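What follows is one structure encoded as structure tokens, with my remarks underneath.
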Amino acid sequence: MIQRTFLSLMLLVALVPRATGQQPQQRPTTEPPKPATAQPQNPTEAESQDVVKITTNLVQVDAVVTKDSKQITDLKPEDFLLFEDGKPQTITNFSYISNVSTVPANVAATPPSKEKNAAPVVPPAVRPHDVRRTIAFVIDDLGMSVQSISIARDQARKFVREQLQPNDLVAIIHTSGDVGALQQFTTDKRMLFSAIDRLRWYPCSRAGVHVFAPLGSPTVPWELPCGSSQNIKGTLQALRFIVEGMKDLPGRKSLVLLSDQLPVETQEPGTVTLTPGDGDLADDRTSYLSQLKKVAELAIRASVVIYAVDTRGLAYTGITAADDFRGLSPTVTARDITNRVNSTLSARSMAMIAGREGSDLIAKQTGGFMIRNSNDFGLKKIAEDQNGYYLIGYRPTDETFNRKFHHLKVTVKGRGLTVRTREGFFGVGEESEKPVELTAGDQLKKALLSPFGANDITVRLTTMFTNFDNGSLLRSLLFIKAQDLVFVDEPDGGHKATFDLGIILFGENGRVADQQSRLITLRLHNDTYQSALRSGIVYSLDTPLKQAGAFQFRIALRDQGSSRIGSAGQFIQIPNVADGRLALSGLVVLKDIPDKPENANANQQAGQDAISSGPAVRQFRQSDKLIFAYSIYNAQPDAATHLPQLTAQTRIFRDGKPVFTGNPVAIEVVPQSDLKRVPSVGRLQLGTEFPPGEYVLQILVTDKLAKEKQQIASQWIDFEVVK
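Heads up: the sequence shown begins at -3 in the numbering used here, then just goes up one per residue.
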């Protein structure tokens, strides 16, 4: 249903019925926030071009040059020598691409707040040309121990908190279960932290509970029902899927593989049971060399550099308290025990080496490196290695395209310099790969999966959580710029536009939790049509929720009249209302318009501003009064009055820093039939202390009667102050 008036819009999106909880209006009296002094500059044209090219006119690869682990960035073409299959090549294309942000260090990244209830920093929509570094952290939980998973969580959190820059596009993906690769990439730290927090040890991991299985333990990894050979295939399949998905992302990308063990050959005894449909991932019972090389080949063509991390770190290979010698024969001698200890030490040392051979192989072949014997996983070193790279190209001969593998070698002049590049490529030109023409449905699906918003049609998504007696749902408002749609004149004088709408809800690891498609037809007449062209259109939709957790909600629409596409997405955390803890619904925020306009012109202006100053877009001016509404769930009642004792505090943030903090005020609650869902309304006066810019409004509700650790719940929503 399309909302045509401000009143009907409010009735539709209200998360509460008539609000009975009231908060006094607050007027901020803080100092104005200081705007950022610099903004990131767009990358140059060279930075947005393809990195790895294999065509009849040009073979181009990327290379990194370091000295004492520091990048060297000022070299010239004459400083390099390039060889194909040992034959020298004349360098015809050469450039250095810097991924270092142009934003000054003091504004490049907002420092993480130490406050538990701090409002999040809402990242702006990301565009392909804005991205500096694209990194996929692949957590191989199919091949990690309990201890390694725990350390990996800590190190990943540290990277996101300290190393992530505003223009970094990052994904956290684990190899067990279904893998959704492309939809996982984001610049939003909230999504990344949520993905990290969900990392758990996989019970069928080929690494088992311990880095090394203790002596005398009743089971070893290959005796588990799922089997370690099956898990290696799962890891390789996941890597191929992720690399192929990353091909659609622009520029040079990196994949950081964190694993305890990815061997070239399986080390356990027995045979591998082949299953139908395994293809080349099951063509060898013990060796995975060809499959690993296939992953490397796909990575080279997708401009992906693979870095590997041995998550066992500085593992102790000696005898520990967990090792049990009681199972030895009663007649065992001291020499037998010594031999058993020595053989165990040797076996564990060899297992350390063998377990990293596969990861090391794909890292070297794609121009990356492996981090070994490091308890901090070397993630900072990996990040710094992506600060820039050289593009080096040459004109190939006809013999290059013989469908065979060609080895590349790059050397650099200068003492103490080290150069890394890709090992080579298969002689198949990109021209031979015929582009696939996408259907209308494929175009919509691509827009839904891509981390980059399609902007041929201007859309804006606002999604809010709410809960009713029959369950929870997401209530969404989709703002559409009507001028971007093609309207067809109809015989009755009306105007018709038709568009396809795709809706998708992603859960853990990119799994699809819900998916819908709709065909929407708009028929507008006279003033309604003119108003839509001026102010836009708001389409509302509800999505039922089956479970709590962190989700990505995405929509894409395709105008049938022009084939133009627009898309938008939002990260949302769904509380578990059923557990009885204090929780808040989403916030509805809009301009507080007087009930009785002074004249017709004022009434007309209110109608024109209904969309921009309403809950779908939330653009306000410095003199506006804001009204916001929300519901409070699971408030504890007082034993005497049977009413809850609640307070609310209003805070406003800009760039992650508080610019206004109101005093906690009591929420007046009147007797009602459903005290598990207490509605509340608050008001806020904007003034000159809020210069134009993006802000976040946060509400902190305290339940004085709840348990100490369950007394506070918060909710937030972003808004913009315009001139």
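Just so you know, even glycine gets a beta-carbon here, dropped at the ideal spot from N, CA and C. All of these numbers come straight from a predicted model, not from anything done at the bench.
Proximity of Val584 and Phe549 at Cβ, strictly below 8 Å:
Counting from 1 along the sequence shown, the entry for residue 584 is found at position 588. Counting from 1 along the sequence shown, the entry for residue 549 is found at position 553. Not in contact: Val584 and Phe549 (Cβ atoms no closer than 8 Å).
Could you pull out every residue in the same chain whose Cβ sits closer than 6 Å to the Cβ of Val142, ignoring the five residues on either side in sequence?
Position 146 of the sequence shown, counted from the start, is the residue given in the question as residue 142. Closer than 6 Å at the Cβ level, and outside the excluded window around Val142, lie Trp197, Val205.
Name the residue from Leu211, Val661, Ala635 whose alpha carbon lies nearest to the alpha carbon of Asp722.
Residue 722 lies beyond the range of the chain shown here (-3 to 719); nothing can be said about it.
Burial state of Gly576, where buried means 16 or more other Cβ atoms lie within 10 Å
Residue numbering aside, residue 576 sits at position 580 when the sequence shown is read from its first letter. So Gly576 ends up on the exposed side.
Own chain partners of Pro633 with C-beta closer than 8 Å, once the 5 adjacent residues on each side are dropped
As a working note, residue 633 is residue 637 in the sequence shown. Excluding positions up to five away in sequence, the list reads Leu639, Pro640, Leu671, Leu701.
Please specify which runs of the beta strand (DSSP E), each continuous and at least 3 residues long, are wholly inside the region 498 to 538, giving them in chain order.
508 to 520
Using the C-alpha atoms, what's the distance from Ala564 back to Arg368?
Reading the sequence shown from its first residue, position 372 is the one you call residue 368. Reading the sequence shown from its first residue, position 568 is the one you call residue 564. Using only the alpha carbons, I get a separation of about 40 Å.
Local conformation of Asp394 per DSSP, three classes:
Walking along the sequence shown from the start, residue 394 turns up at place 398. DSSP places Asp394 in helix when its eight states are reduced to three.
Reference Phe79, options Phe421, Gln707, Asp699, closest by Cα
Translated into positions along the sequence shown, residue 79 becomes position 83. For the residues Phe421, Gln707, Asp699, the minimum Cα distance to Phe79 belongs to Phe421.
Determine which residues share a DSSP beta bridge with Val585 and list them.
In the sequence shown, residue 585 corresponds to position 589, counting from 1. The partner list for Val585 (beta bridge, DSSP) reads Phe624.
Within 10 angstroms of its Cβ, does Lys185 collect 16 or more other Cβ (buried), or is it exposed?
Against the sequence shown, residue 185 aligns to sequence position 189. By the neighbour-count rule (16 or more Cβ atoms within 10 Å), Lys185 is buried.
In whole angstroms, what is the alpha-carbon distance linking Leu473 and Thr459?
Sequence index remark: in the sequence shown, residue 473 carries index 477 (1-based). Sequence index remark: in the sequence shown, residue 459 carries index 463 (1-based). For Leu473 and Thr459, the distance between alpha carbons rounds to 6 Å.
Hey, Val795 and Ala612: beta-carbon distance below 8 Å or not?
No answer is possible for residue 795: it lies beyond the span of the chain, which begins at -3 and ends at 719.
So, are the CB atoms of Asp164 and Thr231 less than 8 Å apart?
Within the sequence shown, the letter at position 168 stands for residue 164. Within the sequence shown, the letter at position 235 stands for residue 231. No, they are not a contact pair.
Fully enclosed by the region 644 to 707, which beta strand (DSSP E) runs are 3 residues long or longer?
653 to 657, 673 to 681, 689 to 699
Any chance the region 403 to 420 sits against the region 62 to 82, with 3 or more Cβ pairs inside 8 Å?
yes
Using 8 Å for Cβ pairs, my map puts Leu440 next to Arg514. What's the rounded Cβ distance?
By 1-based counting over the sequence shown, the position of residue 440 is 444. By 1-based counting over the sequence shown, the position of residue 514 is 518. Going by Cβ atoms, the distance from Leu440 to Arg514 rounds to 11 Å, so no, they are not a contact pair.
Closest by CA to Val423, which one among Thr393, Ala443, Gly437?
What you label residue 423 is simply residue 427 of the sequence shown in a count that begins at 1. Rather than Val, the amino acid found at residue 423 in this sequence is Gly. Sorting Thr393, Ala443, Gly437 by C-alpha distance to the C-alpha of Gly423 places Thr393 at the top.
Leaving aside the five residues before and after Thr62 along the sequence, list all residues of the same chain whose C-beta is less than 7 Å from its C-beta, in chain order.
As a first step, residue 62 is located in the sequence shown; it is residue number 66 there, counting from the start. So the qualifying residues of the chain are Ile68, Thr414.
Rounded to the nearest angstrom, what separates Thr729 and Gly139 at their Cα positions?
Outside the displayed range of the chain (-3 to 719) lies residue 729, so it cannot be described from this structure.
Span separating the alpha-carbon of Asp126 from that of Asn383
In the sequence shown, the residue the question calls residue 126 occupies position 130. In the sequence shown, the residue the question calls residue 383 occupies position 387. Roughly 15 Å between the two C-alpha positions.
Look at the alpha carbon of Pro39 and the alpha carbon of Lys229, and state the distance between them as a whole number of angstroms.
Stepping through the sequence shown from its first residue, residue 39 is reached at position 43. Stepping through the sequence shown from its first residue, residue 229 is reached at position 233. At Pro39, the pLDDT of 44 sits below 50, so the modelled position is not reliable and the matter cannot be decided from this model.
Keeping to the same chain, check which residues put their C-beta closer than 8 Å to that of Ser250; ignore five residues upstream and five downstream.
As a working mapping, residue 250 is identified with position 254 in the sequence shown. Taken in chain order, the residues that qualify are Arg129, Thr130, Ile131, Ala132, Val300, Val301, Ile302, Tyr303, Gly364, Ile378, Gln382.
Sequence-distant residues of the same chain with beta carbon closer than 7 Å to Gly503, five excluded per side:
Numbered from 1 along the sequence shown, position 507 holds the residue referred to as residue 503. Correct list, in chain order: Ala509, Gly545, Phe547.
Evaluate contact between the region 479 to 497 and the region 556 to 563, counting only Cβ atoms and requiring at least three cross-stretch pairs below 8 Å.
yes
Cβ-based burial, His170 [other Cβ within 10 Å; buried from 16]
Position 174 of the sequence shown, counted from the start, is the residue given in the question as residue 170. That one is buried.
In the DSSP output, which residue or residues are listed as bridge partners for Gly420?
Here residue 420 is taken as the residue at index 424 of the sequence shown, counted from 1. Paired residues: His403.
Does the beta-carbon distance from Leu288 to Leu245 come in below 8 Å?
Counting from 1 along the sequence shown, the entry for residue 288 is found at position 292. Counting from 1 along the sequence shown, the entry for residue 245 is found at position 249. Going by C-beta atoms, Leu288 is not nearer than 8 Å to Leu245.
Leaving out five residues before and five after Phe715 in sequence, what residues of the same chain have Cβ atoms less than 7 Å from its Cβ?
Taking the sequence shown and counting its residues from 1, one reaches residue 715 at position 719. Same-chain partners within the cutoff: Val585, Arg614, Phe616, Tyr691, Leu693.
DSSP-derived helix/strand/coil call for Ser342
Indexing the sequence shown from 1 puts residue 342 at position 346. Looking at Ser342 - three-state DSSP - the assignment turns out to be helix.
Within the same chain, show all residues whose beta-carbon is closer than 6 Å to that of Arg471, passing over the 5 residues directly before and after it, in chain order.
Against the sequence shown, residue 471 aligns to sequence position 475. Closer than 6 Å at the Cβ level, and outside the excluded window around Arg471, lie Met460, Thr462, Asp538.
7 Å CB neighbourhood of Gly275 in its chain, flanking five on each side removed:
Walking along the sequence shown from the start, residue 275 turns up at place 279. Low per-residue confidence applies at Gly275: pLDDT is 47, beneath 50, and the placement is therefore not dependable enough to give any value.
Would you kindly work out how many angstroms separate the C-alpha atoms of Ile570 and Ala59, rounded to a whole number?
Indexing the sequence shown from 1 puts residue 570 at position 574. Indexing the sequence shown from 1 puts residue 59 at position 63. Cα to Cα, Ile570 sits roughly 44 Å from Ala59.
To the nearest angstrom, how far is it from the Cα of Phe237 to the Cα of Gly354?
As a working mapping, residue 237 is identified with position 241 in the sequence shown. As a working mapping, residue 354 is identified with position 358 in the sequence shown. Going from the Cα of Phe237 to the Cα of Gly354 covers about 17 Å.
So, are the CB atoms of Arg153 and Phe189 less than 8 Å apart?
Locating residue 153 in the sequence shown gives position 157, where the first residue counts as 1. Locating residue 189 in the sequence shown gives position 193, where the first residue counts as 1. Here Arg153 is near Phe189, since their CB atoms are less than 8 Å apart.
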